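Asker: Take this structure first; my questions come after.
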Ligand SMILES: Cc1cc2nc3c(=O)[nH]c(=O)nc-3n(C[C@H](O)[C@H](O)[C@H](O)COP(=O)(O)OP(=O)(O)OC[C@H]3O[C@@H](n4cnc5c(N)ncnc54)[C@H](O)[C@@H]3O)c2cc1C
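Residue numbers (this note's numbering): 32 to 456.
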């Protein structure tokens, strides 16, 4: 009988620590075939003719894949890297390497789940199973105190029940050694040119990216956050005043360069006696992230019911101009323009600044909120579908999860409880 080989399809889980698909494949197979596909779909334009992925996020992704390959190599393995549609590439690789199963982490947002479904169908034609794992949330779906269909739409209720009735699972160990089949051509990691960026137009040198992609930088960022947030404790004790810091971990979390459980347990264990206010805030923020993902799981696309573009157009006949000015930071309002300029040059703005510019676009400029959401999709280094679309829908006051209940119980900008949870950063 031949060797049992399992293909591990990396997507938004670019790490070797606390990675269930990798660990399970090692356990179940003789050899593991790690694969990452740069899917050209994510480098096309969206419905408003903006790039789906901006240059800073593309750079961050390239760096993250490079570090993943390095870390896999340190364990004796490699990473096959391809540019192309995974639904075509995966069956080809599965055939070439005589793979018996494919593992991946399940996504929740529409585009990502569609890709999974197509991949599953294509693999099935070869009689191969695509096995789905759950690994993008802090709380495991199976440990929730309610079935997905009964998840409370109000964040407050969701939080109370989870904190009372669920626990976060411990982290899984990092593998010591990974065996792969002989890989003849693992493929080059693409550069920005390969992904379709015209560097003469995009001028990456003019950008100031403070984030370096990959698992190694993610772990370092967590370490420095833990030191800083501990110091915050002593500052708090000394001055008696609250010091608010945020972790700036979101870009790494979005690509799965760091696991949420790892962040959670490192924070909890760093201060078993008493978490600092900043650390309590971080734990709450991680819960917000889970909330949006579970809402998408429960309601699907219906979670972000759309507003009628025709109505919005009637409210603002200069919508296109207003949107263009907002994007480039030329609204004439100094603080809005400064935030947008920071977004454009660094790919990151704080949560409260995201709320300010989103509110301004929706409520003052009367521009369709989806345009703003797609612009954030392009520009944010930490773009994550459920977090981005969920937060935008929240601010626009549109969702099909019982809109009024949702707004009253948990609107980040309005309720006191959530002022502390969402207006952080
Ligand atoms: C309009 C708008 C769009 C947003 N788009 C995104 C996005 O595409 N990707 C993204 O990760 N976050 C998004 N957020 C949420 C939030 O602004 C960022 O997660 C946060 O600013 C990241 O900074 P941090 O890592 O220092 O967060 P911390 O305060 O240190 O929080 C820790 C982690 O919790 C998660 N988190 C924190 N706040 C939220 C929140 N309100 N919703 C969901 N998750 C949260 C993030 O993963 C974050 O890294 C958006 C918020 C708004 C208002």
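Cβ coordinates follow ideal geometry from the N, Cα and C atoms, glycine included. Since we're looking at a predicted model, the values are computed, not measured.
(1) How about residue 62 and residue 210: do their beta carbons lie closer than 8 Å?
(2) For residue 118, which residues of its own chain have a beta-carbon under 6 Å away from its beta-carbon, when the five flanking residues on both sides are left out?
(3) Reducing DSSP to helix, strand and coil, say where residue 48 ends up.
(4) Since residue 68 sits in a beta bridge, which residues does DSSP pair it with?
(5) Buried or exposed: where does residue 42 fall if 16 or more other Cβ atoms within 10 Å of its Cβ makes it buried?
(6) So, with DSSP's three-state summary, where would you put residue 241?
(7) Please indicate yes or no: does the CB of residue 47 lie closer than 7 Å to some heavy atom of ligand 1?
(8) Within 10 angstroms of its Cβ, does residue 330 collect 16 or more other Cβ (buried), or is it exposed?
(9) Got a sec? Which residues, its chain only, sit under 7 Å from residue 362 by beta carbon, not counting five neighbours each side?
(10) What is the residue span of the beta strand (DSSP E) that residue 162 lies within?
(11) Run through the DSSP bridge pairs and tell me what residue 134 is partnered with.
(12) Which residues does DSSP list as the beta-bridge partners of residue 63?
(13) Please determine, among 400, 396, 379 and 424, the residue with the shortest C-alpha to C-alpha distance to residue 413.
(14) Just the Cα atoms here: how many angstroms apart are residue 301 and residue 312?
(15) Using C-beta distances below 7 Å, list every residue in its chain close to residue 269, excluding the 5 sequence neighbours before and after it, in chain order.
(16) Buried or exposed: which applies to residue 76, given that a residue is buried once 16 or more other Cβ atoms fall within 10 Å of its Cβ?
(17) Candidates 222, 185, 56 and 130: which alpha carbon is nearest residue 92's?
(18) Which value, in whole angstroms, describes the spacing of the CA atoms of residue 381 and residue 389?
(19) Considering only DSSP beta bridges, list what residue 82 is partnered with.
(20) Please classify residue 258 as buried or exposed, where buried requires at least 16 neighbouring CB atoms within 10 angstroms.
(21) Pull up the distance between the alpha-carbon of residue 294 and that of residue 410, whole angstroms please.
(22) What's the gap between the Cα of residue 439 and the Cα of residue 403?
(23) Would you kindly work out how many angstroms separate the C-alpha atoms of residue 186 and residue 322, rounded to a whole number?
(24) Quick one, which of 397, 375, 315 and 386 has its alpha-carbon nearest residue 354's?
(25) Would you mind giving the Cβ-Cβ distance between residue 307 and residue 261, rounded to the nearest angstrom? I have them listed as a contact below 8 Å.
(26) Below 8 Å on the Cβ atoms is my guess for residue 427 versus residue 387; work out the distance and round it to an integer in Å.
(27) Shorter than 7 Å, the distance from the beta carbon of residue 358 to the closest heavy atom of ligand 1, or not?
(28) Alpha helix (DSSP H) containing residue 461: first to last residue?
(29) Whole angstroms are fine: how far does the CA of residue 256 sit from the CA of residue 174?
(30) May I ask you to report which of helix, strand or coil DSSP gives residue 390?
(31) Spatial neighbours of residue 441 within its chain, please: C-beta separation below 6 Å, excluding the five flanking residues on both sides.
(32) Between 110, 83 and 375, which lies nearest to residue 95 when the distance is taken from Cα to Cα?
(33) Does the structure place the stretch 46-59 close enough to the stretch 122-135 that three or more beta carbon pairs sit under 8 Å?
(34) Taking 7 Å as the line, does the beta carbon of residue 422 fall inside it for any heavy atom of ligand 1?
(35) Any idea what DSSP makes of residue 305, helix, strand or coil?
Answerer: By the coordinates alone:
(1) yes
(2) 149, 150 and 153
(3) coil
(4) 113
(5) buried
(6) coil
(7) no
(8) buried
(9) 356 and 368
(10) 160-164
(11) 39 and 162
(12) 37
(13) 379
(14) 15 Å
(15) Here the model assigns residue 269 a pLDDT of 45, short of 50, so the residue's position is not dependable, and the following value carries that caveat. The answer is none, since no qualifying residue turns up.
(16) exposed
(17) 222
(18) 12 Å
(19) 76
(20) exposed
(21) 25 Å
(22) Low per-residue confidence applies at residue 439: pLDDT is 29, beneath 50, and the placement is therefore not dependable enough to give any value.
(23) 7 Å
(24) 397
(25) 7 Å
(26) Not a contact, Cβ separation roughly 14 Å.
(27) no
(28) With the chain covering 32 to 456 only, the question about residue 461 has no answer from this structure.
(29) 28 Å
(30) helix
(31) Reliability of the predicted coordinates at residue 441 is poor, the pLDDT of 35 falling under 50, and the value obtained from them is presented with this limitation in mind. For residue 441, where only same-chain residues beyond five positions count, the Cβ hits under 6 Å are 185, 186, 187 and 449.
(32) 110
(33) yes
(34) yes
(35) coil
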